[in-house]
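Protein chains: 2
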Amino acid sequence: MNASKLIGVVDIGGTKILAGLIDQSGKLLARRRIETLAEYGAEEVIARTATILRELLHEIHAPEEALEAVGCSIPGPLDCSSGVVHFSPNLGWRDVPFVDHMQRLFDVPVVIDDDAHCAALGEARKGAARGMDYVVYVTISTGIGAGIIIGGNIYRGAHGFAGEVGHITIEAAGPPCSCGNFGCFEALASGSAIATRARQAVIHGDQTVLSTLNDDPTKLSAEHVVSAAEEGDVVALRIIESAGTYAGIGLAAVASAFDPQVIVVGGGVMGSGGIMLQHARKGFLERTISPVGSLIPIVPAALGEESGLWGAATLLSLAKR
Amino acid sequence: MNASKLIGVVDIGGTKILAGLIDQSGKLLARRRIETLAEYGAEEVIARTATILRELLHEIHAPEEALEAVGCSIPGPLDCSSGVVHFSPNLGWRDVPFVDHMQRLFDVPVVIDDDAHCAALGEARKGAARGMDYVVYVTISTGIGAGIIIGGNIYRGAHGFAGEVGHITIEAAGPPCSCGNFGCFEALASGSAIATRARQAVIHGDQTVLSTLNDDPTKLSAEHVVSAAEEGDVVALRIIESAGTYAGIGLAAVASAFDPQVIVVGGGVMGSGGIMLQHARKGFLERTISPVGSLIPIVPAALGEESGLWGAATLLSLAKR
């Protein structure tokens, strides 16, 4: 096959590299995912990313010259204009000149952006918010963050911190958050918040299947709680109902601020739908003023692990404009 | 004086009309404020507005033909594209075709917008956020609302409801709000919230100067409480400290969402600075993640009652683009 112009798209996460090749018509011709180890370090992750892209080119019988540009989704904070990842707690990187490194391996334009921004762009281009220009993507996993699309482009704010919605206070006298505050959206509705409440219930001696899942309650995860709730465990149901209701309150704050066409939720805890999303929708309707709540649907992300890849592809077309 | 091209600027409020004439160089040549009565109705308010503009033209010896356009700030919700005020609780108007009416009196382009949008534009053009492109203006008076400026223009959201920040929940189990919910920013930090807490203190028999200000505690206003606090009344101080801290939490939510260059606060309660603003700044720093809080100053509006007039003038220049 002679694919004359291809773009490489990459989504780097805390434990994986996902990479693909997209042709001019916007078709994903090849993709591969590999697991990574925390000890790899930035240079090794970048080298492995380049290797995957080369192997994918080989797989579809395209010469290396066919690669026109590379777009990458990376957990931030990072500086997309200089191409430097200043500090990524998820990757353990500090001041990594990612774009420079990658351009030493491929002599083509390389653009990078924050994973929440890329997921939002991807869902707006090809996923649950396809064709929409005013989109908020909220990821609810270990932490909570958002990517904001306004007028079809990423909204960054004046200092690059727009969308830090996980640290909006929704219960001023609520439980402590990792940020040092109390009652943040993230402290009440994230995967960590759910896991913490499950551990507390087990340690407290509540009658729940959660106490049988792991000898060590500190190893209980939000996924355990979601499964237990879906099987009807009363304690797990109570935890998910509470976290879902708080998620609705947090999403309502987002809606009151931005009034988007849609709120897309991603991340392991709620992105797949289920009972937490039901409670979130109920809380959202209760906590938005009429008619805002009924105008803004809350929908799960549609692209699964590929939202970041499609976002990375969109970065390149935005950079060309 | 022969002012060849003038624009009329108007700010209509619940109890007043403020109108002025601005020349091409952006100078306010004349202005007048009149008080209005609730029973006036839309037609009378519009007729009186036109009369004031005619009198101001006369005052500066300009012919009526010098008037090129009229910009108006009006409490919404309203539809700026059709020029209809659908429903303004502050004015008691419903489905008033304001632009049509005004154009029957002056045959020139007339543009209208919501008062919070206009105040935000005015402060961004000539006031506390002069020259800035990313601005949130939050008015804290009887209610709480916001005008959002992104890229120098009003940000309305997908359905025109962006900036409904008064109904962001900041204390999920907090006191009831006029909207039917609990613990909204407005229920904890507005003028009404302050007045309610003052009444409760007086009825409860707390030792405070507030109990001597009015025979009827239902007539206590937020302004009474602010004055009493500034004179050292302990109960009033406690109320203002609490409302100020909650205001800081609400403003922190706004900052986490939008990351503006500045947050301008207007409205009777905090717009003039004072101890409530001090508590708000403290709460804001506590409730924003580093470095967001220290990057975004919270400043009082600088144009006093004229923010809306300058916003109305800016509407006209934006409409021309």
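If you read the sequences in order, they're chains A and B. Start counting the first sequence at 1; every next residue gets the next number (my numbering). Start counting the second sequence at 1001; every next residue gets the next number (my numbering). Here a beta-carbon is modelled for each residue, glycine too, at the ideal position from N, C-alpha and C. All of these numbers come straight from a predicted model, not from anything done at the bench.
Nearest CB-CB separation between A1195(B) and chain A: not below the 8 angstroms threshold. Around the beta carbon of R1094(B), a 10 Å sphere encloses fewer than 16 other beta carbons of the protein chains shown; the residue is thus reported as exposed. Of the candidates S190(A), K126(A) and P175(A), K126(A) places its Cα closest to the Cα of K27(A). Taking a cut-off of 8 angstroms on C-beta distances, the region 1127–1138 of chain B does not touch the region 1170–1184 of chain B, as fewer than three cross pairs fall below it.
Scanning E1123(B), F1161(B), V1269(B) and I1112(B) for the CA closest to the CA of L1316(B) turns up I1112(B). Neighbours of F161(A) in chain B, taken as residues whose beta carbon is under 7 angstroms from its own, are D1259 and V1292 in chain order. For F1087(B), the enclosing beta strand (DSSP E) begins and ends at V1085 to S1088.
Membership of T139(A) in the beta strand (DSSP E) is indicated by the continuous run V135 to I140.
Here T1288(B) is buried: its Cβ has 16 or more other Cβ atoms, across all protein chains shown, within 10 Å. In terms of Cβ geometry, A195(A) and A158(A) do not form a close pair [threshold 8 angstroms].
The criterion of a C-beta distance shorter than 8 angstroms is not satisfied by V10(A) and V99(A). A1038(B) is classed as exposed because its beta carbon has fewer than 16 other beta carbons within 10 Å across all chains shown. Interface criterion met: the Cβ of T169(A) is under 8 angstroms from a Cβ in chain B. Rounded to the nearest angstrom, the gap between the Cα atoms of V1264(B) and E1305(B) is 14 angstroms. Taking a C-beta distance under 8 angstroms as the contact criterion, E68(A) and L57(A) do not qualify as a contact pair. If you check the CB distance, D206(A) and V226(A) do not come in under 8 angstroms. Neighbours of R1287(B) across chain A, judged by C-beta separation under 7 angstroms: T169 and N181. Nearest CB-CB separation between V1254(B) and chain A: below the 8 angstroms threshold. Residues of the same chain with their beta carbon placed closer than 7 angstroms to that of G160(A) are lacking, with the five preceding and five following residues left out of the count. Within the DSSP bridge table, the entry for P176(A) names F182(A) as partners.
Rounded to the nearest whole angstrom, the C-alpha separation of G1014(B) and H1224(B) is 21 angstroms. Secondary structure note for L1018(B): its beta strand (DSSP E) is the uninterrupted segment K1016 to D1023. Residue-level contact by beta carbon holds for I150(A) and chain B, with a gap shorter than 8 angstroms. DSSP links N153(A) through a beta bridge to I150(A). Any Cβ of chain A closer than 8 angstroms to the Cβ of L1121(B) would place that residue at the interface, and such an atom is absent.
Remark: C-beta atoms of E1164(B) and S256(A) approach each other more closely than 8 angstroms. For V1165(B), the residues of chain A that pass the 7 angstroms Cβ criterion are S256 and A257, in the order they occur in the chain. Secondary structure note for E35(A): its beta strand (DSSP E) is the uninterrupted segment L28 to E35. CA-CA distance, F182(A) to E1286(B), rounds to 10 angstroms. Residue-level contact check: I1249(B) touches chain A, since one or more beta carbons of chain A fall below 8 angstroms from its beta carbon. For I239(A), the enclosing alpha helix (DSSP H) stretches over residues V234 to F258. Not a single CB atom of chain A sits nearer than 8 angstroms to the CB of L1318(B).
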